[in-house]
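Going by our numbering, the first residue of the sequence shown is number 1305, and it counts up by one from there.
The beta carbon of each residue, even a glycine, is placed where N, CA and C say it ideally should be.
To start, the structure under review is shown below, and the notes come after it.
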Amino acid sequence: MKILVVEDNVELNNTLKEILEINNYLVDTVYDGEQALEFLNLYDYDLVVLDIMLPKIDGYKVCQIMRDKGDDTPVLMLTAKDATQDKVKGLDIGADDYLVKPFEIDELLARIRALIRRVSTEKSNTVKIGDITIDLEKREVYRDGKSLIITPKLFCILEQLIRNRGKVVTYESLMNKCWDITDYPSRETVRANIKLLRKILQDKDIIQNVSGVGYKIE
């Protein structure tokens, strides 16, 4: 899962990034509304944590622009305003949930999990492929009932292949979804990680190579 954090307070921005990464999310961070829209145009995200009071373009406007463009990425708004009218305004323009500052990290993580579950309601969260079981909600992988140790990045790759089962997932799509923008990944980087993922899954045939294009799982 890849999350965009939009928060102009540097300390809080850094804290959110650290906490989310500890909890196995991939995270990009920006500090104003203009940057947020640029990143949303360039990259795909599973969720946006969006502060309301932002430089250049406020969070309300960012969310409104997203929805006007047909972008239905879940938005969790952060606000220092506890007034009902402010919460209603955010929800009316398309935010999925809101959290009032200051907040407990556990509550933030619970809200994020709930939003992700809501989006995934039409999809099974547990997938079996041969002897391998993948729990997409708990982000765990098992082979013959035994837990496999897998990094967040490798799980992200596996998740993209599973959610697009039967379809080719391109190198570019995997790089977009599973790498931080500062990593500057290449196709060779993707190949190396696919090789490692196959080794962890103990099945070199589960992930099929589509020459020059990407990979797929049938």
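Q: Kindly identify the DSSP beta-bridge partner or partners of LEU1308.
A: Per DSSP, the beta bridge partners of LEU1308 are ASP1332, VAL1352.
Q: Return yes when the Cβ of LEU1308 is within less than 7 Å of the Cβ of VAL1366, no when it is not.
A: Contact: no.
Q) From the DSSP output, which residues share a beta bridge with THR1383? A) Answer is VAL1404, bridged to THR1383.
Q) So, is LYS1321 buried or exposed, given that buried needs 16 or more other C-beta atoms within 10 angstroms? A) Answer is buried; the Cβ neighbour count reaches 16.
Q) Between which two residues does the beta strand (DSSP E) harbouring GLY1337 extend? A) Per DSSP, GLY1337 belongs to no beta strand (DSSP E); it is in the alpha helix (DSSP H), 1337 to 1346.
Q.
Give the list of continuous beta strand (DSSP E) stretches no shorter than 3 residues that lie fully inside the segment 1399 to 1482.
A. Counting only runs of 3 or more, we get 1401 to 1404, 1430 to 1433, 1436 to 1439, 1444 to 1447, 1450 to 1452.
Q: With a threshold of 16 other CB atoms inside 10 Å of the CB of ALA1414, please say whether the residue is buried or exposed.
A: The residue is exposed, with fewer than 16 neighbouring Cβ atoms inside 10 Å.
Q. Given a threshold of 16 other Cβ atoms within 10 Å of its Cβ, counted over all protein chains shown, does GLY1394 qualify as buried or as exposed?
A. Taking every protein chain shown into account, the CB of GLY1394 has 16 or more other CB atoms within 10 angstroms, so this residue is buried.
Q. Which word fits ASN1429, buried or exposed, when buried means at least 16 other C-beta atoms lie within 10 angstroms of its C-beta?
A. That one is exposed.
Q: Just the C-alpha distance for ARG1495 and ILE1485, rounded to the nearest angstrom, thanks.
A: Each residue's alpha carbon lies about 18 Å from the other.
Q: Taking the CB atoms as reference points, tell me whether GLN1512 and LYS1503 lie closer together than 7 Å.
A: Against a cut-off of 7 Å, the Cβ pair of LYS1503 and GLN1512 comes out as no contact.
Q) In chain order, what residues of the same chain lie with their CB nearer than 7 Å to the CB of ILE1454, ignoring the 5 residues before and after it? A) Excluding positions up to five away in sequence, the list reads VAL1445, ILE1504.
(Q) Helix, strand or coil, according to DSSP, for LYS1520 in the structure here? (A) Note: LYS1520 maps to strand in three-state DSSP.
Q) Near ARG1443, which residues of its chain fall below 6 Å by C-beta distance, leaving aside the five closest residues on each side in sequence? A) Leaving aside the five residues that flank ARG1443 on each side, the residues in its chain whose CB is nearer than 6 Å to its CB run, in chain order, ASN1328, PHE1459.
Q) Is DSSP giving GLN1512 helix, strand or coil here? A) In the structure shown, GLN1512 sits in a strand (DSSP, three-state: E or B).
Q | Nonlocal neighbours in the same chain, by C-beta distance under 8 Å from ASN1317, ignoring five residues either side | A | By the criterion of a C-beta distance shorter than 8 Å, ASN1317 is surrounded in its chain by VAL1309, GLU1311, THR1333, TYR1335, once the five residues flanking it on both sides are discounted.
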